[in-house]
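Q: Using my numbering, the first residue of the sequence shown is number -2, and each one after it goes up by one.
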Amino acid sequence: MSAVWNYFKVNEDDKTKADCKLCSAKVSRGGSKGSAFNTSNLIKHLKSQHDNEYKEFTHAPKPTQPTLQQTLARREKMSRDNPRALKITQAIIEYIALSDQPLSEVENVGFLPFSFTTDIWTSSVSPVSLISLTSQWIDESFTLQRAILHAKQFRGSHTSQAIVHVFEEMLQTWGIPKTSVHVVLRDNAKNMIKAMNDAGLPSLPCVAHTLQLAVHEGLLAQRSIADAIAVGRKIVGHIKHSALAYSRLEDIQGQLNQPIKRLQQDRVLGVYVSEHELPDCLTAHQWALMEKTVAILAPFEELTKKVSSYDALASDVIPAVTVLVRLLNRETDEDHGVKTMKATLLAAVKKRFSDVETNPLYFISTILDPRYKDRFFSSNTAPEAKLHLRQELQMMSRAEAEGSRAEAAEPPAKLFLKAQASTSSSLDTVFKEIAKEQPQAAQPLAAGAAIELDTYLGEAPSPREDSPLKYWGVNKIRFPTLAKMAHKYLSAPCSSVESERLFSSVSHIIDENRNRLTADNAEKLLFLKKNLPLTFSK
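1) I need the straight-line Cα distance from A311 to V24, nearest angstrom please.
2) Just tell me which of G27, A483, C278 and R220 has its CA closest to the CA of L358.
3) Can you tell me where the beta strand (DSSP E) holding A196 begins and where it ends?
4) Based on the DSSP secondary-structure assignment, which residues constitute the bridge partners of A144?
5) Contact check, P199 vs V180 under 8 Å by CB: the rounded distance?
6) Is it buried or exposed for P202, if we count other Cβ within 10 angstroms and need 16 for buried?
7) Could you tell me the boundaries of the beta strand (DSSP E) in which W118 lies?
8) Counting only runs that start and end within the region 164 to 224, where is the alpha helix (DSSP H) found for 4 or more residues in a row?
9) Tell me the DSSP bridge mates of F34?
10) Can you tell me the Cα-Cα spacing of L424 and S306, whole angstroms?
11) Under a three-way DSSP split, which group does D332 fall into?
12) Taking the alpha carbon of I117 as the point to measure from, which residue in V161, F139 and S351 has its own alpha carbon closest?
13) Keeping to the same chain, check which residues put their C-beta closer than 8 Å to that of Y4; ignore five residues upstream and five downstream.
14) Which partner residues does D308 have in the DSSP bridge list?
15) Are there three or more Cβ pairs, one per stretch, closer than 8 Å when the region 350 to 366 is compared with the region 224 to 239?
16) In terms of residues, what are the limits of the beta strand (DSSP E) holding L370?
17) Distance, Cα to Cα, S112 vs A345?
18) Quick check: the region 478 to 493 against the region 382 to 395, are there 3 or more CB pairs under 8 Å?
19) Please state whether DSSP places A321 in a helix, a strand or coil.
20) Per DSSP, which one or two residues make a beta bridge with T452?
21) Distance, Cα to Cα, L454 vs I135?
22) Suppose contacts are defined by Cβ-Cβ distances below 8 Å. Is L541 in contact with V228 by that definition?
23) Can D136 be considered in contact with the ligand GDP, in the sense that its beta carbon sits closer than 7 Å to one or more heavy atoms?
24) Considering only C-alpha positions, which residue in the set N185, K52, G172 and Q142 is nearest to T115?
25) By the DSSP assignment, the alpha helix (DSSP H) with S375 in it spans what residues?
26) Do the CB positions of K383 and D371 come within less than 8 Å of each other?
27) By DSSP, does A281 sit in helix, in strand, or in coil?
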């Protein structure tokens, strides 16, 4: 608080005024709303009317920079009856009352939950393990923001109890209460799943990892394909571990006027086998199986890249699963010889993503994503998902009605984003196909926020290439209540790739030449390498 308040106090009858303790003059605080209050008029009054006190004020000692320990201490959660906590609560109540803000203002920026990713990494060249914590949130302009909070040393066994302890320590370091955690993206390991459950934190599995698990099941389901993959691995292992073999392969690619690549063209290998020995060789039938396998797995590769991208969100999951299931259900002439693998892939996708349409973290974000809305749900879950969203909207509307006055309607503004060119694929074709299909029949709606939902869902989805956050940045005026929910649910990523990228940098720091680095020093080097402040803790 400014030292000028040593000479003033807030007027009890009019909070927009301050009473001078020296002459009892009433001085404006700079505006009619709490958000506009300042001390400029108070300082001017002191300067013009009370010269001695003004000199005393200007020569008052400036506050010193707090130490790290003091800063962290201030972030510790206070009890409800803590005097400072009571003052903060009173200040928030005063701000809401004086500036005519709705009670739901505490759900706006500054009060919103955050989304996090976490992962555990263990060095292969040093006895060092680290656990990560990255965060992301949406700011007032609907721009996605990110921060790396921790790459903390993780000692001992990686049990669920140990993970809970170190995870809570990381949250406490940043003064983040569990109530502010929207979701944590983690891997599919049982210890991590149990840790998040035991800590009482909402969590989701990394979709990229889950997709790879489904692919693994499919590849192992058909013996002929598994055998062909085993042969391929022998060949790759031979070339990878033999400098002479690799040089020969490069020479053959050069002679055939092909770019130097690693084992991607069968013609190159065919020439290699005719001149040199290999530990094993793929038959013509196995080559044909591999070609069909690659074609079937192409959508998995495309989706894995998509969900691992910088802007991938939890809202991408249900549409991705719906498209995959539709593609795998389609029978083609090319399925001969790989039907078992394809059927197993379909079963694995359905099993591993069986609960996505019933998880609010997924289905609410999907409906609030203007590219998808309610078009990508199965017929039996879409009505339930929309009903759940309506109930949340009604609760939010009631809270606003209790704490805010009606505001004049703003002229509607619609967002039309130019779709970026994209390469055509079977996956993209199915996305467009489903988006154009008729939506589920709407249920009767109540007045208020539910009308927003009805209008929003009645409009055609945006192109898949468009940004959902840019959409809400403009259309928050048309759909204010929906925009507040989008602010929360569209902050969640769909993978833990941010943590994996962090540890990719760590693996370049702790290598065979620097395998004696301590975890603390490795963490410092990591943050310096990424030009980040040293915000880690021991």
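Glycine included, each C-beta is placed from N, C-alpha and C at the ideal position.
A: Considering the structure as presented:
1) 51 Å
2) The residue with the shortest Cα to Cα distance from L358 is A483.
3) Here A196 belongs to no beta strand (DSSP E), and DSSP marks it neither H nor E.
4) S132
5) 5 Å
6) A buried status is given to P202, since no fewer than 16 other beta-carbon atoms sit within 10 Å of its beta-carbon.
7) I117 to T119
8) 187 to 195 and 204 to 218
9) Paired residues: none, contrary to the question.
10) If I take the Cα positions, the gap works out to 17 Å.
11) helix
12) V161
13) C17, K18, L19, L39, L43, H47, E50 and F54
14) DSSP lists no partner for D308.
15) no
16) Checking the sequence shown, residue 370 turns out to be Lys, not Leu. That residue, K370, is in no beta strand (DSSP E); it is neither H nor E in DSSP.
17) 28 Å
18) yes
19) Residue 321 is actually Leu in this sequence, not Ala. Helix, per DSSP.
20) Note: T452 sits in no beta bridge, so no partner.
21) 23 Å
22) Outside the shown range of the chain, which is -2 to 535, sits residue 541, and nothing can be said about it.
23) Absence of the ligand GDP is noted for the structure shown, with no ligands found whatsoever.
24) N185
25) First-last for S375: undefined, no H or E at that position.
26) yes
27) Three-state result, A281: helix.
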